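Okay, so the sequence shown: first residue is 1 according to our numbering, each after it adds one.
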Amino acid sequence: MGRLRIAVTAALGTILVSTVMPVPAAAQDIEETTPKYSYQNAIREDVFVEAPMDSDKDGKNDRIAIQLIRPKETDTGLKTPVVMEPSPYYRAPGTLAEQPYGFRGWYDEFFVPRGYTVIEAEMQGTSRSGGCPTTGDAEDTQSMKSVVDWLNGRAKGFYASGSEAVASWSTGAVGMVGVSYNGTLPNAVAATGVEGLKTIVPIAAISSWYDYTRDAGIGYQGAWGSRYPEYLANYVASAASKQRCAAFIKSLGDNANDDSWDYTPFWAERDYKPSVDKVKASVLLVHGMEDWNVKLRHGVAWWNLLQQRNIPRKIWLHRSAHIDPVSARADEWKRVMHRWMDHWLFGMNNGIMDEPMADIQRPNGAWETHRSWPDAAARNVRLNFGPAASGVAGTLQATRPAASTQTFTDSKTQSETTAMADYTVAGPNRLVYVTPALTQAARMSGTPKVNVTVRSNTASAPLTALLVDYGPGTAFSVQDMSPEELINMECSLTDIDQKTGCAAPYQSRAAAVTATVITRGAIDLKNRSSLSSGTPLVPGQTYTASWKLHGKDYVVPAGHRIGLVLMGNDRTYISVDQAAGALTVSLDGSSLDIPVVGGRVS
């Protein structure tokens, strides 16, 4: 998947300890199963699973390549559950070689001696699998679902020789895990309701490909703005599928609707959220709060839907960006993964579901546990836009102000740093509204929303909102990795135990700051009423628009101010709209809704 390059920092705030829960002492050092099967003697096999589709239209069903490693005892009657990592990235690093990937991660070394089979499954059209990659469509999903079906006796598999492969050693219980695209595939397969998929661990995973490439009617900056589905399919395709699927892959770019950014049937087919009612698997969700590649909106939207349906679940929200949590908290991640899989795949009553639901990492690296997320104590607070006051260019206040307006002119080159600077004076290319200094720390837990009454002098206009923590503090740099770096990283148990390689502690850099972007979000005003169909603005006419920012858990320290910055184009975040001009905001019809746990914010 593409990467959005934003200079990311996270401010250190005061932690509200009243909501923090300790991990139960009895659960801290439990080892439910000890190794008793030989990893060295384990059986390695390559199998080609037949999927009920012909995505490359060659007249034959696609065959999906998998590599598996299972205890030798499975040949003499032992049945095992499966930990499976699906991916479009299984190929020799830096090449298009179609060969087995080779279990570069730690799952095989850890889980096989504990009685599991570990599978690396190659998405259709990639590595050794047949078919064409479809960038999130049903055929991506079906390719991985077919592996679950094979493990449950509902699909056929074959060895390279052509003889049939039967998973007689499988209990049928499957857990899917992965980061980025590898984590998106578990979301997609779970949304089919397939029998046998008992749990998923989506890490930095997509829940809607529309939301991955665009924000409320306007494309994200960078590779997302230029035929992204075609780009990604070409990137992951094997050498053979690049040739046989060239016309189809080009059609992905033709159908992406980059000219309008609208939510079309093409994108609806790549949205897993409407199928959440089919999810039967439990979910251990992990996401970085500074991940501006697969943005936190994906994890939050998926999580909220799971919560509404009371799906068994846990969540980790870490301080970093697009990473595997083993590099953030290696020992604890191994412990949780072990207990999670033992519970959901072996049926062990080990207490993992009695532990706190949410683990949250603060910018300084400290971890907290909470009973729920968003925090059940969070209450939505509405802060109205207000006029300039002593020492500020605009205010956020509890009361609705008298009718008045403020105007700014869009700048296509203005940076976020410039836009959020100096809230004490009005700027020609942005509006800024701030609270009084907080008398006590306030924790935001959930998703803020901006509501604006506005008129434009052009037929098209983006609006970008930055939620800002104004106050002195320390910013810490965060770790980020590309999908290619993640999948090609060697990660052994020695790394985890000795904190080397993949599990080496990240060396963050600290810097003094006076303002920090908490979160952001944008909308194209033509899509104010519908993402599916944009309506051009009538210059001079007043409209109302509401849009969500990316959710987060963040503590604003006492003495700081909460600020809302409005700008048009944001060249580091969204694709530049050349038509934007002057925008006039009606203060009496504009506000910020923010979910707050404790503390006063106005």
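All residues carry an ideal CB built from backbone N, CA and C; glycine is no exception. Keep in mind that this is a model prediction, so the values were computed, not measured.
Query raised in the report: Going along the chain, which unbroken runs of the alpha helix (DSSP H) with 4 or more residues stay wholly within the segment 200–282?
Result: 209–213, 228–236, 239–244, 246–254 and 265–268
Requested in this report: Using alpha carbons as the reference points, say which of V174, G217, K412 and F48 lies closest to M341.
Outcome: V174
Requested in this report: Whole angstroms is fine: what's the gap from D75's alpha carbon to K334's?
Outcome: 28 angstroms
Report task. Could you pull out every unbroken beta strand (DSSP E) segment of at least 3 residues lying fully inside the segment 136–181, listed in chain order? Result -> 170–179
Requested in this report: In angstroms with no decimal places, state the Cα-to-Cα distance between T576 and L285.
Outcome: In the sequence as displayed, the identity of residue 576 is Val instead of Thr. C-alpha separation (whole angstroms): 33 angstroms.
**Report entry** Whole alpha helix (DSSP H) elements within the segment 486–529, 4-residue minimum
**Finding:** 493–498
Query raised in the report: DSSP state of R91, grouped into three classes?
Result: coil
**Report entry** V596 (DSSP reduced to helix, strand or coil)
**Finding:** strand
Query - P24 to G589 span [Cα, whole Å] - result: Residue placement at P24 is flagged as unreliable, the pLDDT there being 34, under the threshold of 50; a coordinate-derived value is accordingly withheld.
Requested in this report: Round the Cβ separation of L564 and V450 to the nearest angstrom and send it over; I've been treating them as touching at under 8 angstroms.
Outcome: 7 angstroms
Report task. Give me the Cα-Cα distance between L197 and D410, rounded to the nearest whole angstrom. Result -> 49 angstroms
Query - Span of the alpha helix (DSSP H) around Y107 - result: Y107 to F111
Requested in this report: Throw me the rounded Cβ distance for the E122 and A65 pair, which I believe falls under 8 angstroms.
Outcome: 4 angstroms
Query raised in the report: Closest by CA to Q67, which one among E269, D108 and N61?
Result: D108
Query raised in the report: Taking all protein chains shown into account, do 16 or more other C-beta atoms lie within 10 angstroms of the C-beta of P557, making it buried, or fewer, making it exposed?
Result: buried
Query raised in the report: Looking at the unbroken beta strand (DSSP E) that takes in T405, where does it start and where does it end?
Result: T405 to T409
Query raised in the report: Taking the alpha carbon of V551 as the point to measure from, which residue in G253, E45, V596 and S532 has its own alpha carbon closest?
Result: This sequence places Gly at residue 551; Val is not what is there. Checked all of G253, E45, V596 and S532; the closest Cα to G551 is V596.
Query raised in the report: Any idea if N380 is buried or exposed, counting beta-carbon neighbours within 10 angstroms, 16 or more meaning buried?
Result: exposed
Query - Residues near Y554 in its chain [Cβ-Cβ closer than 6 angstroms; skip 5 each side] - result: M444 and I518
Query raised in the report: Apart from the five residues on each side of it in sequence, which residues of its chain come closer than 8 angstroms, Cβ to Cβ, to R600?
Result: L438, T439, Q440 and A442
Query raised in the report: How many whole angstroms separate the CB atoms of Y181 and P88, which I take to be in contact at a CB cut-off of 8 angstroms?
Result: 6 angstroms
Requested in this report: Could you tell me the boundaries of the beta strand (DSSP E) in which K60 lies?
Outcome: Premise fails: K60 is in no beta strand (DSSP E) and is neither H nor E.
Report task. Return the bridge partner residues of F48 from the DSSP annotation. Result -> A65 and F158
Query raised in the report: Do the CB positions of G130 and R63 come within less than 7 angstroms of each other?
Result: yes
Query raised in the report: Distance, Cα to Cα, V454 vs E120?
Result: 51 angstroms
Requested in this report: Ignore the nearest five residues each way along the sequence and tell me which others in M144's own chain have a CB closer than 7 angstroms to its CB.
Outcome: P86, A121, M123, L185 and V189
Query raised in the report: If you draw a straight line from the C-alpha of V434 to the C-alpha of T447, how long is it?
Result: 18 angstroms
Report task. Spatial neighbours of Q28 within its chain, please: CB distance less than 6 angstroms, with the 5 preceding and 5 following residues excluded, ordered by chain position. Result -> With a pLDDT of 37 at Q28, under the threshold of 50, the modelled position of this residue cannot be trusted; read the value that follows with caution. So the list is empty, once near-sequence residues are dropped.
Query raised in the report: Straight-line CA distance for F110 to N349?
Result: 20 angstroms
Query raised in the report: Using DSSP with H/G/I as helix, E/B as strand and the rest coil, what is L339?
Result: One point to set straight first is that residue 339 is Arg, not Leu, in the sequence displayed. Note: R339 maps to helix in three-state DSSP.
Query raised in the report: In three-state terms, what does DSSP make of S590?
Result: strand
Query raised in the report: How many angstroms separate the CA atom of Y470 from the CA atom of V585?
Result: 22 angstroms
Requested in this report: Tell me whether Y210 is buried or exposed, calling it buried when 16 or more other Cβ atoms sit within 10 Å of its Cβ.
Outcome: buried
Requested in this report: Please confirm whether P133 and A239 have their CB atoms less than 7 angstroms apart.
Outcome: no
Query - Residue(s) in a DSSP beta bridge with H550 - result: In the DSSP output, where bridge partners are listed per residue, H550 has none listed.
Query raised in the report: Should N604 go down as buried or exposed, given a rule of 16 or more other Cβ atoms within 10 Å for buried?
Result: Because the chain spans 1 through 602 in this model, residue 604 falls outside it and cannot be assessed.
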